[in-house]
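Peer 1: Residue numbers (the UniProt record's numbering), protein chains in the order written: chain A, 1 to 163; chain B, 1 to 163; chain C, 1 to 163; chain D, 1 to 163; chain E, 1 to 163; chain F, 1 to 163. Mind looking over this structure? Questions follow.
There are 6 protein chains.
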Amino acid sequence: MNDRLTHLDAAGRARVVDVSAKPVTAREARAEGYVRCSPAVLDLIAEGGLPKGDALAVARVAGLQAAKRTPDLVPLAHPVAVHAVEVDIVPVSTPDLVGVHITAAVRTADRTGIEMEALTCVVVAGLTFVDMVKAVDKRTVLDGVRVTAKSGGRSGDWSVDDV
Amino acid sequence: MNDRLTHLDAAGRARVVDVSAKPVTAREARAEGYVRCSPAVLDLIAEGGLPKGDALAVARVAGLQAAKRTPDLVPLAHPVAVHAVEVDIVPVSTPDLVGVHITAAVRTADRTGIEMEALTCVVVAGLTFVDMVKAVDKRTVLDGVRVTAKSGGRSGDWSVDDV
Amino acid sequence: MNDRLTHLDAAGRARVVDVSAKPVTAREARAEGYVRCSPAVLDLIAEGGLPKGDALAVARVAGLQAAKRTPDLVPLAHPVAVHAVEVDIVPVSTPDLVGVHITAAVRTADRTGIEMEALTCVVVAGLTFVDMVKAVDKRTVLDGVRVTAKSGGRSGDWSVDDV
Amino acid sequence: MNDRLTHLDAAGRARVVDVSAKPVTAREARAEGYVRCSPAVLDLIAEGGLPKGDALAVARVAGLQAAKRTPDLVPLAHPVAVHAVEVDIVPVSTPDLVGVHITAAVRTADRTGIEMEALTCVVVAGLTFVDMVKAVDKRTVLDGVRVTAKSGGRSGDWSVDDV
Amino acid sequence: MNDRLTHLDAAGRARVVDVSAKPVTAREARAEGYVRCSPAVLDLIAEGGLPKGDALAVARVAGLQAAKRTPDLVPLAHPVAVHAVEVDIVPVSTPDLVGVHITAAVRTADRTGIEMEALTCVVVAGLTFVDMVKAVDKRTVLDGVRVTAKSGGRSGDWSVDDV
Amino acid sequence: MNDRLTHLDAAGRARVVDVSAKPVTAREARAEGYVRCSPAVLDLIAEGGLPKGDALAVARVAGLQAAKRTPDLVPLAHPVAVHAVEVDIVPVSTPDLVGVHITAAVRTADRTGIEMEALTCVVVAGLTFVDMVKAVDKRTVLDGVRVTAKSGGRSGDWSVDDV
Chain A
1 MNDRLTHLDA
11 AGRARVVDVS
21 AKPVTAREAR
31 AEGYVRCSPA
41 VLDLIAEGGL
51 PKGDALAVAR
61 VAGLQAAKRT
71 PDLVPLAHPV
81 AVHAVEVDIV
91 PVSTPDLVGV
101 HITAAVRTAD
111 RTGIEMEALT
121 CVVVAGLTFV
131 DMVKAVDKRT
141 VLDGVRVTAK
151 SGGRSGDWSV
161 DDV
Chain B
1 MNDRLTHLDA
11 AGRARVVDVS
21 AKPVTAREAR
31 AEGYVRCSPA
41 VLDLIAEGGL
51 PKGDALAVAR
61 VAGLQAAKRT
71 PDLVPLAHPV
81 AVHAVEVDIV
91 PVSTPDLVGV
101 HITAAVRTAD
111 RTGIEMEALT
121 CVVVAGLTFV
131 DMVKAVDKRT
141 VLDGVRVTAK
151 SGGRSGDWSV
161 DDV
Chain C
1 MNDRLTHLDA
11 AGRARVVDVS
21 AKPVTAREAR
31 AEGYVRCSPA
41 VLDLIAEGGL
51 PKGDALAVAR
61 VAGLQAAKRT
71 PDLVPLAHPV
81 AVHAVEVDIV
91 PVSTPDLVGV
101 HITAAVRTAD
111 RTGIEMEALT
121 CVVVAGLTFV
131 DMVKAVDKRT
141 VLDGVRVTAK
151 SGGRSGDWSV
161 DDV
Chain D
1 MNDRLTHLDA
11 AGRARVVDVS
21 AKPVTAREAR
31 AEGYVRCSPA
41 VLDLIAEGGL
51 PKGDALAVAR
61 VAGLQAAKRT
71 PDLVPLAHPV
81 AVHAVEVDIV
91 PVSTPDLVGV
101 HITAAVRTAD
111 RTGIEMEALT
121 CVVVAGLTFV
131 DMVKAVDKRT
141 VLDGVRVTAK
151 SGGRSGDWSV
161 DDV
Chain E
1 MNDRLTHLDA
11 AGRARVVDVS
21 AKPVTAREAR
31 AEGYVRCSPA
41 VLDLIAEGGL
51 PKGDALAVAR
61 VAGLQAAKRT
71 PDLVPLAHPV
81 AVHAVEVDIV
91 PVSTPDLVGV
101 HITAAVRTAD
111 RTGIEMEALT
121 CVVVAGLTFV
131 DMVKAVDKRT
141 VLDGVRVTAK
151 SGGRSGDWSV
161 DDV
Chain F
1 MNDRLTHLDA
11 AGRARVVDVS
21 AKPVTAREAR
31 AEGYVRCSPA
41 VLDLIAEGGL
51 PKGDALAVAR
61 VAGLQAAKRT
71 PDLVPLAHPV
81 AVHAVEVDIV
91 PVSTPDLVGV
101 HITAAVRTAD
111 RTGIEMEALT
121 CVVVAGLTFV
131 DMVKAVDKRT
141 VLDGVRVTAK
151 SGGRSGDWSV
161 DDV
């Protein structure tokens, strides 16, 4: 772990950190998040009369596209050659969560990591889901957005479950 | 509250809902969210040697810009004339939260609401903060992203605290 | 009908034509187009084992988003407040056409027409369909992209079927 | 030829297909299309008093730029390092076609093909031409947009003329 | 004239200033700038064998498009309904300037001024010109970029020539 | 030095020049520019009551982001893998200049140079500064924008100070 904020130079000015000398290696990052919503929303998604396919499909497409837009959104993120994006959105109804669980996996062969791409994918899929259900439920909450695993690169493999 | 997903037509196909006949009215939306991080991150932000101004300023600027990009990110969101955006990011260290609290307020005089703009502002400010501290803390979590209040428009004023 | 190319000034230089003095009126434009493809593609879309929902849903979402990006793509097009977008993609298998028929309708209350938004929606939905099936059929053709009707604005209602 | 839609996973969900393990090779794609228009439009382009240079130049520039925007428009397309784009727009007046013939060639050294970039270039050049002449001719039609040749990559060289 | 930086709130945080209560009025802004280049560049542009039309046309198109992208580039600028853009680039060879003189005029009917759109148009037209001639002249300089006049809005008409 | 405009083909048509056969090498470009403003602006930036951090930070962030957007703005510029961006904005008060001095350095390991990225960074940082102070000073001028040095690539190292 670093002991300083690498995106700022010695004088505290923001910068895009130099990665030009890092090798091109295969890298993967995984992220997840949740949108909490009312049971009524899940019912509407699940019931036959409702276009479940499209409802979740729009959010998935938004997530895929957003992964590619990451450096446009996050000022200090590098442009990365996004080589694969998968995103899934699964309705969940348990004592802990009524809502959807969003997971994303992003892969590249490039000079820097792609955790931000995975997070951006999750977050924009989540925002899109919120947008689509907000006429039915104003009280949705996007929660628990985090990187769950990464591999490749100098710092080696890492999982949120590592102790 | 609506009992159907308005972004889908009768056959379940996604669409951008027609708002052309709605009047132009003053509207405001507020949203909030949190990034949980390690105490070490807060120390680095707080301590004299570190560029506190820039660290939070970059995330704020990213949030302001993202509010204007909302219809590019959220497929079914309307282009809205964003007339004001304010975003704030405050370090918090309490028993419940070690991290930053992000709040956004967005205003417009247009035909449809701007909750999505407020949420997008919060979320991208949060992602940018995560990006800037990830070399120090890989385990940040973006949490509690929700609309807190809206005013203007046909449906009247609303706050998350309303019973 | 005009007898000159309005997007060029007297000296032949491209410009974005001044519409600031035109009134805000309700306007609609409709457009259509086709993608010709092999029967095998239609079979894959239709058969139970294949994700028909997503295949067409992705193209529809791409079309909706592209309608909003029109002024970014077409240099002399005005930014327009896109207030409604509908797009549909229907598999067709007749002696004249094996492929999909794409239709779009776009509405606004603004100072200038939105034919280009309707066309852009059709075209990008078509490109996205081509992208999704190109591993199966390299010989797809995008055909017959045209405005089919417009209403509102100074020039009055018009349909491609008018004599 | 593949017998499945590669942009969808086994469960039918859209994804950006993984190309990170494919080698970087030189690749080229060519595409073409037509805009049918009235003879009056061709006369205006051709006659001395009219700014022919700019009229076609704007459409060409739009095409060049659009080639670079492909992954922003086509949701499942990969970001590709576009290394060369050429586009031409030639007025044609024959028994078969009164209008313009648009051709594009795009080259890269990257991990995946660039047919979509060539098609996007043609299509946006065509849309821009339609936009510039629509005050004179409302009945333009964009036709025959297809890939004509590709080279490089695992699947080898291919031309639309191959039997 | 204001005596404070309006884009910052009382605590010094950047914000997009609220203009939602300002009336929609017709507004215009004009800007100019120069690119100094070698006489050899002007000769190449002027001589018959060279594509003068395209050389300057590309820069003009880039300027027109950039005017519409202003709020994407300038973080605190409002989205504005750009209703007209004109840009011109004129070769100049005098004792004071060997190069091109770029002028832009932008008009809108909206709630806030469009000086930034006029400046962005000039600047990106200039950058594009620099890009196109940099293989011939590495020492170009973009100079004298300023607003020359504005009209409309609460603050009334203004010209750089006013004393 | 070249004796022709490489961005135009033999017939004078604009194109994105083919760089696919050029090797990937480490490259750097530096650029600079100035914004002239009133002493009152510098006082506001300098004085304790004013949020100096944010004022310059917003302009820096805008510059960093713009460097990544260069191929979107400059039609014939290649997409480049921007691997590092640094930008600084320093208030200056001398007999020659009252204003700010902007410098940028951009690095990549790619197939073509990044002078345009460095210039775009300077120019958009400058525009953003102009935007932030325009309520206080309408007469700002962006001046002296030029490449100051480049290294890497076939043409070797170069500095504006070379004779």
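By construction, the Cβ of each residue, glycine as well, lies at the ideal position given by its N, Cα and C atoms.
Helix, strand or coil for Pro23(C)? Go by DSSP, reduced to three states.
Peer 2: If DSSP states are grouped into helix, strand and coil, Pro23(C) belongs with coil.
Peer 1: In angstroms, rounded to a whole number, what distance separates the CA positions of Asp162(F) and Val16(F)?
Peer 2: 29 Å
Peer 1: For Val141(E), which residues in chain F fall below 8 Å Cβ to Cβ?
Peer 2: Gly144, Val145 and Arg146
Peer 1: Taking Val58(C) as the query, report the chain A residues whose CB atoms sit under 8 Å from its CB, ordered along the chain.
Peer 2: Ala57 and Val61
Peer 1: Quick check on the burial criterion: 16 or more other C-beta atoms within 10 angstroms. Buried or exposed for Ile156(C)?
Peer 2: Looking at the sequence shown, residue 156(C) is not Ile but Gly. Exposed.
Peer 1: Using the rule of at least 16 other Cβ atoms within 10 Å of the residue's Cβ for burial, across every protein chain shown, is Ser20(A) buried or exposed?
Peer 2: buried
Peer 1: Determine the chain F residues that contact Thr108(D) at a beta-carbon separation under 8 Å, and present them in chain order.
Peer 2: Ser20
Peer 1: Measuring alpha carbon to alpha carbon, tell me which residue in Ala84(E), Val24(E) and Met132(E) is nearest Thr6(F).
Peer 2: Met132(E)
Peer 1: Just to confirm the assignment, what range does the alpha helix (DSSP H) spanning Ile45(D) have?
Peer 2: Pro39 to Ala46
Peer 1: Alpha carbon to alpha carbon, how far is Val85(C) from Cys121(C)? Give it in angstroms, no decimals.
Peer 2: 9 Å
Peer 1: If contact is defined by three or more beta carbon pairs under 8 Å, each pair taking one atom from either stretch, is the region 141-153 of chain D in contact with the region 57-69 of chain F?
Peer 2: no
Peer 1: With distances taken from CA atoms, which of Ala62(D), Arg69(D), Val80(D) and Arg139(D) is nearest Val41(D)?
Peer 2: Arg139(D)
Peer 1: With DSSP collapsed to three states, give me the class of Pro75(B).
Peer 2: coil
Peer 1: Within a Cβ cutoff of 6 Å, which residues of the same chain sit near Val80(C), ignoring the five residues on either side of it in sequence?
Peer 2: Cβ within range, chain order: Thr108, Asp110 and Ile114.
Peer 1: Buried or exposed: where does Val82(E) fall if 16 or more other Cβ atoms within 10 Å of its Cβ makes it buried?
Peer 2: buried
Peer 1: What residues in its chain sit with their C-beta under 8 Å from that of Leu64(C), if we drop five residues either side in the sequence?
Peer 2: Val85, Val87 and Cys121
Peer 1: Using only CA atoms, which one of Val130(F), Ala14(F), Pro75(F) and Ala62(F) lies nearest to Ala125(E)?
Peer 2: Pro75(F)
Peer 1: Since Gly126(A) is in the beta strand (DSSP E), which residue starts that stretch and which ends it?
Peer 2: Careful: Gly126(A) lies outside any beta strand (DSSP E), inside the alpha helix (DSSP H) at Glu115 to Val133.
Peer 1: Thinking just about the alpha-carbon of each residue, which of Leu73(B), Ile45(B) and Ala62(B) is nearest to the one in Ala62(C)?
Peer 2: It is Leu73(B).
Peer 1: Relative to the C-alpha of Arg30(F), which candidate in Val136(F), Val130(F), Val123(F) and Pro71(F) has its C-alpha closest?
Peer 2: Val123(F)
Peer 1: Assign Arg60(A) to one of three DSSP states: helix, strand, or coil.
Peer 2: helix
Peer 1: Please return the same chain residues whose Cβ sits closer than 6 Å to the Cβ of Pro51(E), not counting the five positions on each side in sequence.
Peer 2: Per-residue confidence for Pro51(E) stands at a pLDDT of 43, beneath the threshold of 50, marking its modelled position as unreliable; the derived number appears in the next sentence. Contacts found: none.
Peer 1: Find the residues of chain B that neighbour Gly156(A), judging by a C-beta separation of less than 9 Å, and give them in chain order.
Peer 2: Simply none; closest approach about 12 Å.
Peer 1: For Lys52(F), name the three-state secondary structure that DSSP assigns.
Peer 2: Any reading at Lys52(F) needs caution, since the residue's pLDDT is 36, under 50, leaving its predicted position unreliable; the model's value is listed next. Correct three-state label for Lys52(F): helix.
Peer 1: Taking all protein chains shown into account, decide if Arg154(B) is buried (16 or more other Cβ within 10 angstroms of its Cβ) or exposed.
Peer 2: exposed
Peer 1: Taking only beta-carbon positions, decide if Gly48(D) is within less than 7 Å of chain A.
Peer 2: Low per-residue confidence applies at Gly48(D): pLDDT is 48, beneath 50, and the placement is therefore not dependable, though the value from the model is reported in the following sentence. By this cut-off, Gly48(D) is not an interface position.
Peer 1: Rounding to the nearest angstrom, what Cα-Cα distance links Ala118(B) and Pro39(C) in this structure?
Peer 2: 46 Å
Peer 1: Less than 7 Å between C-beta atoms, sequence neighbours within five positions excluded: which residues of the same chain meet that for Val90(C)?
Peer 2: Val100 and His101
Peer 1: So, is the C-beta of Val16(C) closer than 7 Å to a C-beta in chain E?
Peer 2: Chain E, which has a Cβ nearer than 7 Å to the Cβ of Val16(C), makes this yes.
Peer 1: Closer than 7 Å by C-beta to Ala66(A): which residues in its own chain qualify, once you throw out the five before and the five after it? Chain order, please.
Peer 2: The answer, listed in chain order, is Thr120, Cys121 and Val124.
Peer 1: Less than 7 Å between CB atoms is the rule here; does Ala125(C) satisfy it with respect to chain D?
Peer 2: no
Peer 1: Within the same chain, show all residues whose beta-carbon is closer than 8 Å to that of Leu8(E), passing over the 5 residues directly before and after it, in chain order.
Peer 2: Ala14 and Arg15
Peer 1: Could you say which of Lys68(F), Tyr34(F) and His78(F) lies nearest to Asp96(F) if we only look at CA atoms?
Peer 2: Tyr34(F)
Peer 1: Specify the secondary structure class of Arg146(E) as computed by DSSP and reduced to three states.
Peer 2: strand
Peer 1: Report all residues from its chain with a CB closer than 6 Å to the CB of Ser151(A); omit the five preceding and five following residues, and keep chain order.
Peer 2: The answer, listed in chain order, is Glu28 and Asp157.
Peer 1: What are the residues in the region 73-92 of chain E lying within 9 Å of chain B by C-beta distance?
Peer 2: Pro75, Leu76, Ala77, His78, Pro79, Val80 and Ala81
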